[in-house]
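> Encoded as structure tokens, here's the structure I'll be asking about.
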Amino acid sequence: MKTIQVTASSEYSVKIGSGLLHTLGAELSGICKVGTAAIISDSNVWPLYGEAAKASLESAGYRVINIVFPAGEQSKNGETYLSVLNYLADCHITRSDCIVALGGGVVGDLSGFVAATFLRGIPYIQVPTTLLAAVDSSVGGKTAIDLTAGKNLAGAFYQPRLVLCDTDLLTTLPEDIFRAGCAEVIKYGVLFDNCLFDTLLRDGLSFDRETVIARCVELKRDVVAKDEFDTGHRQLLNLGHTVGHAVEALSDFTVSHGEAVAVGMAVITAAAVKYGICGSDVLQQVRSILAKFRLPGATQYSAQALMAHILSDKKRLGDSVTLVVPEAIGSCRLRPTSIDELKDLIEAGL
Ligand code: GLY
4 MKTIQVTASS EYSVKIGSGL LHTLGAELSG ICKVGTAAII SDSNVWPLYG EAAKASLESA
64 GYRVINIVFP AGEQSKNGET YLSVLNYLAD CHITRSDCIV ALGGGVVGDL SGFVAATFLR
124 GIPYIQVPTT LLAAVDSSVG GKTAIDLTAG KNLAGAFYQP RLVLCDTDLL TTLPEDIFRA
184 GCAEVIKYGV LFDNCLFDTL LRDGLSFDRE TVIARCVELK RDVVAKDEFD TGHRQLLNLG
244 HTVGHAVEAL SDFTVSHGEA VAVGMAVITA AAVKYGICGS DVLQQVRSIL AKFRLPGATQ
304 YSAQALMAHI LSDKKRLGDS VTLVVPEAIG SCRLRPTSID ELKDLIEAGL
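Whatever position you read off the sequence shown (first residue = 1), add 3 for our numbering.
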């Protein structure tokens, strides 16, 4: 097992290893008074791991209630949020109780926002069950739900008390979802760590999960320590996301977030080559690694269609966007880009 300490507005551990779900009750009792634990999960995860989570909590003395909503991004909305809040109130959950988010990014984001706002904040812990949640969304305290106008538009920065990442839970992930999560892992290599990148390029999908997840969490920990509230440095984590979000939305979400980020990384790297920001060897390496993980490195959408989607967000963006551009494998920088220039840049990257 590996343990990483995150230092933000509060300090907590991220524990990563095999078999950790069975330690959930014991771990929780070390940080949260024994009372009621409210497990929030979804219809994919609960049938697989709900009973084991419940048994572990009960054996540590917790009363357990569970709330299970339909799996998928479409559940990450105000309606689910309010129904969870109302259920917690009906069950007389108090500030000395605790929420356990058992699931992937949707469960983690929604549960975190519930925890941030129920009774003005109650403790919660994250038990990520997807690779994407393990390396990214479960760590760093970004919580949110979607609004009609877009993703993650209502939320809060609210840190969990613990992240318990049982790598065994990733074994039941469908392969395409695991590969999509790999796009976020590759992202950390491109952003900060050429050794991680080389390991992934060498090992492909058989990379050592505990080691690689722990490395990504360390890298994210460093980002969060510098810029918890996302005012600058943390925006680096958006590598591939400007074009990625547009691809995701244009495909009506049939292209997953991870696949879309893969496309976005390839497009921005190709543009960076054309703009003389990095060499063509960087693009070659990005394309090779995406191919190794069978992730897409190109899109059928035109620059015009991508821009139309990006511009639909223009009110929120203002007159410029901050792009993340690679200078080398393991080193990227933020580049404020006017909306006018963005179209040329995307065209250059397609
Ligand atoms: N998922 C990006 C961040 O935590 O900032």
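Every residue gets a Cβ at the ideal spot worked out from N, C-alpha and C, and that includes glycine. The model shown is predicted, which means the values in this text are computed figures rather than measured ones.
Return the CA-CA distance between G235 and L337, expressed in angstroms with no decimal places.
In a straight line, the C-alpha of G235 is about 8 Å away from that of L337.
> Our contact map puts V285 next to T272 with C-beta atoms below 8 Å; I'd like the distance itself, whole angstroms only.
V285 to T272, Cβ: 6 Å. Contact.
> Helix, strand or coil, according to DSSP, for F195 in the structure here?
Helix at F195.
> Alpha carbon to alpha carbon, how far is H260 from R182? Give it in angstroms, no decimals.
Straight-line Cα distance between these residues: approximately 11 Å.
> Is the beta carbon of L239 sitting closer than 8 Å to the one on V327?
Yes, Cβ-Cβ distance for L239 and V327 is below 8 Å.
> Report whether the distance from the Cβ of L24 to the nearest heavy atom of ligand 1 is below 7 Å.
For ligand 1, not one heavy atom lies less than 7 Å from the Cβ of L24.
> In angstroms with no decimal places, state the Cα-to-Cα distance between F116 and Y161.
Distance between the alpha carbons of F116 and Y161 is about 8 Å.
> Answer yes if the region 144-163 comes into contact with the region 177-195, meaning at least three C-beta pairs across the two stretches below 8 Å, and no otherwise.
Counting Cβ pairs under 8 Å, fewer than three are found: no touch.
> Which whole-angstrom value is the C-beta distance of L167 and I216, which I expect to be below 8 Å?
Actually they do not touch by this definition, with Cβ atoms about 12 Å apart.
> Given a threshold of 16 other Cβ atoms within 10 Å of its Cβ, counted over all protein chains shown, does P163 qualify as buried or as exposed?
Buried, since its Cβ has 16 or more Cβ neighbours within 10 Å.
> Identify which residue in S334, Q307, A308, D255 has its Cα closest to the Cα of I280.
Ranking the options by Cα distance to I280, first place goes to S334.
> Of the residues V110, G106, H95, R66, which one's Cα is nearest the Cα of Y84?
The shortest C-alpha separation from Y84 is found at V110.
> Whose C-alpha, out of G124, C101, L204, D45, is nearest the C-alpha of C35?
Cα-wise, what sits closest to C35 is C101.
> Which residue from L208, E344, T202, S341 puts its Cα closest to that of P177?
Looking at the Cα atoms, L208 is the closest of the given residues.
> Could you check where the beta strand (DSSP E) with S355 kicks off and where it finishes?
Since the first residue shown for the chain is 4 and the last is 353, residue 355 is missing from the structure and cannot be characterised.
> Does the distance between the C-beta of G321 and the nearest non-hydrogen atom of ligand 1 fall short of 7 Å?
No, Cβ of G321 sits at least 7 Å from all heavy atoms of ligand 1.
> Would you kindly check if the distance between the Cβ of M268 and the Cβ of L242 is under 8 Å?
Contact: yes.
> Bridge partners for T10 per DSSP, in chain order?
E14.
> Would you mind stating whether I68 and E221 have Cβ atoms separated by less than 8 Å?
Result no, Cβ atoms of I68 and E221 do not sit closer than 8 Å.
> Let me check you understand the geometry: is the CB of L240 closer than 7 Å to at least one non-hydrogen atom of ligand 1?
Flag set: Cβ of L240 near ligand 1.
> Just confirm the distance between the C-beta atoms of G20 and M4, as a whole number of angstroms; I'd bet it's less than 8 Å.
About 3 Å separates the two Cβ atoms, so the contact holds.
> What is the DSSP secondary structure of P50, reduced to helix, strand or coil?
Three-state DSSP puts P50 in a helix.
> Taking all protein chains shown into account, decide if A294 is buried (16 or more other Cβ within 10 angstroms of its Cβ) or exposed.
Counting Cβ neighbours within 10 Å, A294 comes out exposed, since fewer than 16 surround it.
> Let me check understanding here. Comparing Cα to Cα, which of V87, D206, S254, D93 lies closest to A119?
Nearest option by C-alpha distance: V87.
> With a threshold of 8 Å on Cβ separation, who are the neighbours of R66 within its own chain once the five nearest residues in sequence on each side are excluded?
G38, T39, A40, listed in sequence order.
> Please state the DSSP three-state secondary structure of R224.
Three-state result, R224: helix.
> Just to check, is the beta-carbon of S46 closer than 7 Å to a non-hydrogen atom of ligand 1?
S46 Cβ: outside cutoff for every heavy atom of ligand 1.
> Please list the terminal residues of the continuous alpha helix (DSSP H) segment that includes V327.
Not the alpha helix (DSSP H): V327 falls in the beta strand (DSSP E), residues 323-331.
> Under the DSSP definition of a beta bridge, which residues are partnered with D179?
DSSP, once it has assigned bridges, lists no residue as partnering D179.
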